[in-house]
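These protein sequence lines map, in sequence, to chains G and R. Residues in the first sequence are numbered consecutively from 26, following my numbering. Residues in the second sequence are numbered consecutively from 15, following my numbering.
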Amino acid sequence: DAKTTQPPSMDCAEGRAANLPCNHSTISGNEYVYWYRQIHSQGPQYIIHGLKNNETNEMASLIITEDRKSSTLILPHATLRDTAVYYCIVGGGNNDMRFGAGTRLTVKP
Amino acid sequence: SAVISQKPSRDICQRGTSLTIQCQVDSQVTMMFWYRQQPGQSLTLIATANQGSEATYESGFVIDKFPISRPNLTFSTLTVSNMSPEDSSIYLCSVRSGTGVLAKNIQYFGAGTRLSVL
């Protein structure tokens, strides 16, 4: 069973920041938060992951609350090519990735 | 990141036949996984392919239906046996490595094999 809860869909205007929330209230101390996205007809693409601290890379920023029970993926300047299903996953170590339903993000012109 | 090649990329098969899907990685990896994605659904883990031993299957998946091989650290196959239309899905190979050029604890995915069973 997926350990995360995400809204099923979100819209974002092109050029604006997309903020995708994820609830993972049962996360354990050694589990990471991972974000992937799947653009239509492609395999999931890794975006970012973190344990406790906020993380940033060339694709996105990850904000994890202090109690680690929720996080937000931020795409700072969404483009039409960011339209995809975004998956928030908790796990790591020797654990495999278990996917929930994800959030379908639609970036609109 | 890893370069993962899956073959075939797509296929149309007849009911009752079997299809073997190949997954080749460009570097040695410790973990290889197989997932299924049914139309309009999320990904479901089928099994973990273990090098040198039998695969570890998730609940609802059995070896007779989805035999898996993993002869070395860069290659695995998944066979979908005695296919029915309900097996029409995308099958994805995924890898993770604890050492080497791949970042630890990040799984990488192939593009998938789109299977249609008539």
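Using N, Cα and C, we set each Cβ at its ideal position, and we do this for glycine too.
At a Cβ threshold of 9 angstroms, is L111 (chain G) touching chain R?
Position 86 of the first sequence holds residue 111 (chain G). Checking the sequence shown, residue 111 (chain G) turns out to be Tyr, not Leu. Y111 (chain G) does not count as touching chain R.
Given this structure, state the Cα-to-Cα distance separating Q65 (chain R) from F124 (chain G), to the nearest angstrom.
Position 51 of the second sequence, counted from the first residue, corresponds to residue 65 (chain R). Position 99 of the first sequence, counted from the first residue, corresponds to residue 124 (chain G). Between Q65 (chain R) and F124 (chain G), the C-alpha separation is close to 24 angstroms.
Evaluate the contact criterion for the region 96 to 115 of chain G versus the region 38 to 54 of chain G: three or more CB pairs, one atom per stretch, below 8 angstroms.
Taking 8 angstroms as the limit for Cβ pairs, the verdict is that the region 38 to 54 of chain G does touch the region 96 to 115 of chain G.
Could you tell me which residues DSSP pairs with V43 (chain R) in its beta bridges?
The residue you call residue 43 (chain R) lines up with position 29 of the second sequence. According to DSSP, V43 (chain R) bridges with nothing at all.
If we require 3 or more residues per run, which beta strand (DSSP E) segments fall completely within the region 68 to 130 of chain G?
As far as the region 68 to 130 of chain G is concerned, its whole beta strand (DSSP E) runs of at least 3 residues are 70 to 75, 86 to 89, 95 to 100, 109 to 116.
Quick one: what does DSSP say D78 (chain R) is sitting in, helix, strand or coil?
Position 64 of the second sequence, counted from the start, is the residue given in the question as residue 78 (chain R). Correct three-state label for D78 (chain R): coil.
Please name the residue in R:L106, R:S130, R:R128, R:T127 whose C-alpha comes closest to that of A63 (chain R).
Looking up residue 63 (chain R) in the second sequence gives position 49. Minimum Cα distance to A63 (chain R) is reached at R:L106.
Where DSSP assigns a beta bridge to M35 (chain G), which residues make up the other side?
Counting from one through the first sequence, the residue named residue 35 (chain G) turns up at place 10. According to DSSP, M35 (chain G) bridges with G:L130.
Can you give the Cα-Cα distance for T88 (chain R) and V39 (chain R), rounded to whole angstroms?
Residue numbering aside, residue 88 (chain R) sits at position 74 when the second sequence is read from its first letter. Residue numbering aside, residue 39 (chain R) sits at position 25 when the second sequence is read from its first letter. Roughly 5 angstroms between the two C-alpha positions.
Spatial neighbours of M84 (chain G) within its chain, please: CB distance less than 6 angstroms, with the 5 preceding and 5 following residues excluded, ordered by chain position.
The count along the first sequence starts at 1 and reaches residue 84 (chain G) at position 59. I72, listed in sequence order.
Whose Cβ in chain R lies nearer than 8 angstroms to the Cβ of Q1 (chain G)?
No information on residue 1 (chain G) is available, as it lies outside the stretch 26 to 134 that chain G covers here.
Of the residues R:Q28, R:C27, R:I35, R:P99, which one's Cα is nearest the Cα of K21 (chain R)?
Position 7 of the second sequence holds residue 21 (chain R). Minimum Cα distance to K21 (chain R) is reached at R:I35.
State yes or no: is the beta carbon of F75 (chain R) nearer than 9 angstroms to at least one beta carbon in chain G?
Taking the first residue of the second sequence as position 1, residue 75 (chain R) is located at position 61. Not one chain G Cβ lies under 9 angstroms of F75 (chain R).
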